[in-house]
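Below: the structure, in structure tokens.
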Amino acid sequence: MHFSDLGLPVVVAKALEQAGYDTPTPVQAEAVPAAIAGHDLLVSAQTGSGKTAAFLLPALTRVSERSKGSGNGPRVLVLTPTRELAQQVEKNALVYGEGMRFLRTVTLVGGASFGFQTRALSRPVDIIVATPGRLMDHMRSGRIDFSRLEMLILDEADRMLDMGFIEDIETIVAATPAERQTLLFSATLDGIVGKMAERMTRNPQRIEIERKEESGNIEEHLLYADDNNHKNRLLDAILKESDFEQAVVFTATKLGSEEIADKLSDMGYSAACLHGDMPQSWRNRTLNDLRRGRIKILVATDVAARGIDVPAIGLVVNYDLPKQAEDYVHRIGRTGRAGRSGVAITIAESREFHRVRRIEQYLKRQLAEAVIQGMEPTRRPPKGRRPQGAGARDGQRRGGYGDRKPGGGYAGKSGGYGDRRGSSGPRQGGHGGERRAPRAE
Ligand SMILES: Nc1ncnc2c1ncn2[C@@H]1O[C@H](COP(=O)(O)OP(=O)(O)OP(=O)(O)O)[C@@H](O)[C@H]1O
Ligand SMILES: [Mg+2]
Numbered sequence: 374m375h376f377s378d379l380g381l382p383v384v385v386a387k388a389l390e391q392a393g394y395d396t397p398t399p400v401q402a403e404a405v406p407a408a409i410a411g412h413d414l415l416v417s418a419q420t421g422s423g424k425t426a427a428f429l430l431p432a433l434t435r436v437s438e439r440s441k442g443s444g445n446g447p448r449v450l451v452l453t454p455t456r457e458l459a460q461q462v463e464k465n466a467l468v469y470g471e472g473m474r475f476l477r478t479v480t481l482v483g484g485a486s487f488g489f490q491t492r493a494l495s496r497p498v499d500i501i502v503a504t505p506g507r508l509m510d511h512m513r514s515g516r517i518d519f520s521r522l523e524m525l526i527l528d529e530a531d532r533m534l535d536m537g538f539i540e541d542i543e544t545i546v547a548a549t550p551a552e553r554q555t556l557l558f559s560a561t562l563d564g565i566v567g568k569m570a571e572r573m574t575r576n577p578q579r580i581e582i583e584r585k586e587e588s589g590n591i592e593e594h595l596l597y598a599d600d601n602n603h604k605n606r607l608l609d610a611i612l613k614e615s616d617f618e619q620a621v622v623f624t625a626t627k628l629g630s631e632e633i634a635d636k637l638s639d640m641g642y643s644a645a646c647l648h649g650d651m652p653q654s655w656r657n658r659t660l661n662d663l664r665r666g667r668i669k670i671l672v673a674t675d676v677a678a679r680g681i682d683v684p685a686i687g688l689v690v691n692y693d694l695p696k697q698a699e700d701y702v703h704r705i706g707r708t709g710r711a712g713r714s715g716v717a718i719t720i721a722e723s724r725e726f727h728r729v730r731r732i733e734q735y736l737k738r739q740l741a742e743a744v745i746q747g748m749e750p751t752r753r754p755p756k757g758r759r760p761q762g763a764g765a766r767d768g769q770r771r772g773g774y775g776d777r778k779p780g781g782g783y784a785g786k787s788g789g790y791g792d793r794r795g796s797s798g799p800r801q802g803g804h805g806g807e808r809r810a811p812r813a814e
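Residues 374 to 814 (the working numbering) make up the sequence shown, in order.
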């Protein structure tokens, strides 16, 4: 299968070639022709598998044809949960639509100037990429005309619902023409996402692409720690012994991300934090610096867990466990993107073993427990109550890497991380119905 088989405009196929895309990824091969044929879609596929192009290519195909409607309003609306993701999606649209001379895109996100956005909305626009909150602000002041909207796209739909955007989304959907095409991308298509999808799509095609173990390209390890001090020493060792271009360290709290970024900076790393309480201009600068390679280690809350695509990230460290099991999959998915390999190391305190277990239950497999020599935890999860299988085979656990090695560095020095275990790799999807309190990033 080649991009030219997907029914794309020649200019778009050319832009993809220039971007170095040879062949469509599986989700693109399935979703693009179906969307171009006009179907509504419900899509779930693993992290880093090219879902952005899977919805942008059909969107650009639409926009490349003349609008049948009149007015200045958007022809395509993309909703994303975070500001950074909205900006990234717009950038991708400009890359894939490079040859489309009259393509107009606008990003509507909080923390940015209303004036600039308002001016942009007074001119004709093809694609709006927005977070629900700021889009609603513009809708309330009557600045958006959805009368010629042809396509509505939701990226990371489950996350938007988790963040409490359901009412906003319902209002936005109700404001768009009923005959629009709807593409919904979500880690899960069950539970409340599925219910919402039912209400907003017509005869949707369901595309679910599971990760195959053979293509599992993220090497995962689990390290137990006694306390915070121990966690810091482990983080230090991981960063020293890993061979990576760039890394993301995830923390549970905004304050934690600042403290660790400060600590790493003091140690001489080019590190910076990213969380939802920072002014947007800092958030933008930080992410741009990361993309340009000026920042080596990003210390972030889950605001960076979804969608963010920085190919040079070779290492993800979960300094704190994610609050929700499914966030684990998204966090580690910041590495190993587009077929690259990556290493993901999760640090858990011994008393948190039940939370590790919840993650393993969600993954339907066990995480390989490992130790760094000289930094073994003194307290271990109680044996009988440990996640079944995890850490049960001490000999192998301490015996090095098995047949896979992380980017380099650990072997020999530390005795390495333990063997890899588990059957099916992480994938998005499969667990619906888990509700949580709204939280803003
Ligand atoms: N057909 C392709 N060939 C080569 N690279 C591609 C192709 N499609 C996408 N990519 C690259 O793959 C990377 C991941 O793409 P993208 O961000 O769309 O993934 P995703 O599925 O949305 O991931 P996530 O679930 O984390 O949001 C990007 O760097 C993108 O440029
Ligand atoms: Mg994405």
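Glycine is no exception: its CB is placed at the ideal position from the N, C-alpha and C atoms.
Residue i and residue j closer than 8 Å at C-beta
{"i": "residue 383", "j": "residue 433", "result": "no"}
{"i": "residue 435", "j": "residue 449", "result": "yes"}
{"i": "residue 644", "j": "residue 670", "result": "yes"}
{"i": "residue 461", "j": "residue 682", "result": "yes"}
{"i": "residue 453", "j": "residue 504", "result": "yes"}
{"i": "residue 556", "j": "residue 428", "result": "yes"}
{"i": "residue 672", "j": "residue 615", "result": "no"}
{"i": "residue 714", "j": "residue 576", "result": "no"}
{"i": "residue 414", "j": "residue 404", "result": "yes"}
Member of the options whose CA lies at the smallest distance from the CA of residue i
{"i": "residue 412", "options": "746, 726, 418, 579", "result": "579"}
{"i": "residue 532", "options": "510, 678, 728, 639", "result": "678"}
{"i": "residue 442", "options": "698, 498, 704, 451", "result": "498"}
{"i": "residue 511", "options": "529, 527, 545, 521", "result": "545"}
{"i": "residue 693", "options": "602, 665, 566, 739", "result": "602"}
{"i": "residue 638", "options": "388, 668, 440, 626", "result": "668"}
{"i": "residue 502", "options": "547, 613, 605, 455", "result": "455"}
{"i": "residue 705", "options": "734, 753, 593", "result": "593"}
{"i": "residue 620", "options": "628, 627, 634", "result": "634"}
{"i": "residue 378", "options": "430, 754, 472", "result": "430"}
Under the three-state DSSP convention, the category residue i falls into
{"i": "residue 560", "result": "coil"}
{"i": "residue 324", "result": "Absent from the model: residue 324. The displayed extent of the chain is 374 to 814, so no value can be given."}
{"i": "residue 691", "result": "strand"}
{"i": "residue 705", "result": "helix"}
{"i": "residue 719", "result": "strand"}
{"i": "residue 417", "result": "strand"}
{"i": "residue 769", "result": "Any answer about residue 769 is weak, because its pLDDT of 35 lies below 50 and its placement is not dependable; what the coordinates show is given next. If DSSP states are grouped into helix, strand and coil, residue 769 belongs with the helices."}
{"i": "residue 524", "result": "strand"}
{"i": "residue 758", "result": "Confidence at residue 758 is low in this model, with a pLDDT of 47, below 50, so the placement of that residue is unreliable and no value is reported for it."}
{"i": "residue 579", "result": "strand"}
{"i": "residue 619", "result": "strand"}
{"i": "residue 792", "result": "At residue 792 the pLDDT is 39, less than 50, meaning the model places this residue with poor confidence; the figure from the coordinates comes in the next sentence. Residue state, collapsed to three classes: coil."}
{"i": "residue 554", "result": "strand"}
{"i": "residue 353", "result": "The shown model of the chain, from 374 to 814, leaves out residue 353, and the question about it has no answer."}
{"i": "residue 479", "result": "strand"}
{"i": "residue 374", "result": "coil"}
{"i": "residue 411", "result": "coil"}
{"i": "residue 538", "result": "coil"}
{"i": "residue 609", "result": "helix"}
{"i": "residue 532", "result": "helix"}
Per DSSP, the bridge partner or partners of residue i
{"i": "residue 595", "result": "719, 742"}
{"i": "residue 673", "result": "623, 647"}
{"i": "residue 452", "result": "503, 527"}
{"i": "residue 686", "result": "619"}
Neighbour flag for residue i against chain B, beta carbons, 8 Å
{"i": "residue 439", "result": "The structure shown has no chain B; it contains just one protein chain."}
Checklist entry - Okay, do the region 416–435 and the region 649–661 touch, 3+ Cβ pairs below 8 Å being the bar? => result Flag = no, the region 416–435 and the region 649–661 do not touch.
Item to check | Cβ contact check for the region 386–400 and the region 530–549: 3 or more pairs under 8 Å | outcome: As far as the Cβ criterion goes, the region 386–400 does not touch the region 530–549, which means the pair count is below three.
Checklist entry - Are the region 684–700 and the region 469–486 in contact at 8 Å, needing three or more beta carbon pairs? => result The answer is no - the region 469–486 does not touch the region 684–700, with fewer than three Cβ pairs under 8 Å.
Next on the checklist: Check whether the region 591–598 and the region 719–731 are in contact - that is, three or more C-beta pairs closer than 8 Å.
Outcome noted: Counting Cβ pairs under 8 Å, three or more are found: they touch.
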